[in-house]
Structures are given as structure tokens and as C-alpha cells.
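Participant: Take 65 as the starting number for the sequence shown in my numbering and just add one per residue.
Below you'll find the structure I mean.
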Amino acid sequence: MPAAVFKQTGTTLVELVITIVILGIALATLSSALSAGISRGATPGWEGKALELSQAYADEILGMKFDAVQNTGGGPLSAPCGISSDGQNRADFDDVDDYNGLSDSPPTLITNTVDMSQYQNYRVDVSVNCAGTEAGFADNRYAKRITITVYAPAGDSRVISFYRGNF
65 MPAAVFKQTG TTLVELVITI VILGIALATL SSALSAGISR GATPGWEGKA LELSQAYADE
125 ILGMKFDAVQ NTGGGPLSAP CGISSDGQNR ADFDDVDDYN GLSDSPPTLI TNTVDMSQYQ
185 NYRVDVSVNC AGTEAGFADN RYAKRITITV YAPAGDSRVI SFYRGNF
């Protein structure tokens with residue numbers, strides 16, 4: 065009677081090592097892709113908050129007079145454009161110039177139009193410059209450029225700029 069032939073099946077050590085190396089590379093690639101996505105996942109959240117905060121400041125500033133000597137509805141300009149803060153307390157701001165150099169940390173608004181408790185670790189900086197010729201006017205004194213910079217808790221910032229005319 066012939067001897068029974070047993071055929072062994074399975075994987076060799078070389079095949080196991082190759083499989084482990086391939087799986088290791090795949091897992092490393094997957095984890096790096098996921099960690100990059102997670103770090104960018106918070107960006108829309110703070111950018112949305114920064115936009116809401118900058119819009120609230122813009123609304124407040126645009127509601128103010130063009131400068132200290134003009135009426136709320138504008139009027140003829142007799143003096144060259146000059147940015148002069150009246151040295152007032154924040155609650156007494158009444159014209160666009162008063163916001164030049166403002167740095168609020170935490171941010172505060174004159175009116176309570178936005179729940180500011182969610183912005184405790186944010187900072188807002190405002191600058192005001194004469195910019196009539198930038199805005200297309202023949203004279204520099206007819207418009208001012210307001211720039212609002214919002215700094216998020218992680219240090220990232222977003223900047224918006226807009227013009228305020230004398231009207």
C-alpha cells in the first residue's frame with residue numbers, strides 16, 4: 065500500500081512579513097489623512113464665529129457718524145480728512161474715527177446685539193484710514209477705510225475691510 069501523502073497548506077514566514085509591512089503602510093497613510101482632516105475640521109467653526117463677530121463690529125461702526133463734526137446724514141466737508149479719536153470711553157463712541165486703534169479682548173459691543181460669552185478668548189482690532197481716492201472719489205476726505213481684524217483663540221486671524229462714505 066502506498067504511503068499517504070500529506071500536502072501542507074498555509075502561509076510562509078516571508079508572506080506574513082510582506083502582509084504586515086503592507087498593512088502598516090496602509091494604516092500609517094490612513095491615520096495621517098484622518099489627523100489632517102480632524103485638524104481642519106475646527107476651522108469652519110472658528111471662521112464662522114470670526115465672521116459673525118466682525119459683522120457685529122461692522123454694523124456698529126457703520127451706524128456711527130462719519131466724523132465728529134458731521135451730522136448723521138452727512139454733509140459738506142470743510143476740513144481735510146483726519147482720523148482723530150476723541151479719547152472717549154468705549155460707551156461714548158459716536159463717530160467712525162473713535163474706533164481707530166481699538167483693541168478689544170475680550171470683544172465688547174456698545175449694544176448687546178450678539179451673545180459675547182462665546183467670544184471670551186477672541187480679540188478684535190480696528191483701524192480707520194482716510195481712503196477717498198481708493199474708493200474712487202476725487203478727494204481723499206470723502207471716504208474712510210475701516211479694517212477689522214479678528215483673532216481666534218489659536219492665534220489665527222481673519223481681516224475684513226470696508227469703506228464708509230460721508231452720506
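Glycine is no exception: its CB is placed at the ideal position from the N, C-alpha and C atoms.
Please read these numbers as outputs of a predicted model, since none were measured by experiment.
With 16 as the cutoff for other CB atoms within 10 Å, does residue 217 come out buried or exposed?
Facilitator: The residue labelled residue 217 in the question sits at position 153 within the sequence shown. Result: exposed.
Participant: Compute the distance between the beta-carbons of residue 212 and residue 190, then report whether it is under 9 angstroms.
Facilitator: Walking along the sequence shown from the start, residue 212 turns up at place 148. Walking along the sequence shown from the start, residue 190 turns up at place 126. Yes. Within cutoff.
Participant: Could you give the C-beta distance for residue 227 and residue 207, rounded to a whole number, given that I count them as a contact under 8 angstroms?
Facilitator: In the sequence shown, the residue the question calls residue 227 occupies position 163. In the sequence shown, the residue the question calls residue 207 occupies position 143. The pair is a contact, with the Cβ atoms about 5 angstroms apart (cut-off 8 angstroms).
Participant: Sort 200, 88, 114 by Cα distance to residue 223 and report the nearest one.
Facilitator: As a first step, residue 223 is located in the sequence shown; it is residue number 159 there, counting from the start. Here the closest residue by C-alpha is 114.
Participant: According to DSSP, what are the bridge partners of residue 194?
Facilitator: Reading the sequence shown from its first residue, position 130 is the one you call residue 194. In the DSSP output, where bridge partners are listed per residue, residue 194 has 208.
Participant: Would you identify the three-state DSSP class for residue 88, choosing helix, strand or coil?
Facilitator: Looking up residue 88 in the sequence shown gives position 24. Looking at residue 88 - three-state DSSP - the assignment turns out to be helix.
Participant: Using DSSP with H/G/I as helix, E/B as strand and the rest coil, what is residue 113?
Facilitator: Counted from its first residue, the sequence shown places residue 113 at position 49. Residue 113 falls in the helix class under three-state DSSP.
Participant: Tell me whether residue 147 sits in a helix, a strand or coil according to DSSP, three-state version.
Facilitator: Position 83 of the sequence shown, counting from 1, holds the residue named residue 147. Coil, per DSSP.
Participant: So which of 171, 126, 79, 98 has the shortest CA-CA distance to residue 225?
Facilitator: Numbered from 1 along the sequence shown, position 161 holds the residue referred to as residue 225. Here the closest residue by C-alpha is 126.
Participant: Of all the options 182, 145, 147, 124, which has the alpha carbon lying nearest to the alpha carbon of residue 154?
Facilitator: Residue mapping note: residue 154 aligns to position 90 of the sequence shown, counting from 1. For the residues 182, 145, 147, 124, the minimum Cα distance to residue 154 belongs to 124.
Participant: For residue 223, does the three-state DSSP call read helix, strand or coil?
Facilitator: Taking the sequence shown and counting its residues from 1, one reaches residue 223 at position 159. Note: residue 223 maps to strand in three-state DSSP.
Participant: Give me the residue from 81, 215, 209, 109 with the minimum Cα distance to residue 160.
Facilitator: Indexing the sequence shown from 1 puts residue 160 at position 96. Closest by alpha carbon: 209.
Participant: According to DSSP, is residue 93 helix, strand or coil?
Facilitator: Start at 1 with the first residue of the sequence shown, and residue 93 comes out as number 29. DSSP places residue 93 in helix when its eight states are reduced to three.
Participant: Can you tell me whether DSSP reads residue 118 as helix, strand or coil?
Facilitator: Working through the sequence shown from its first residue, we reach residue 118 at position 54. Residue state, collapsed to three classes: helix.
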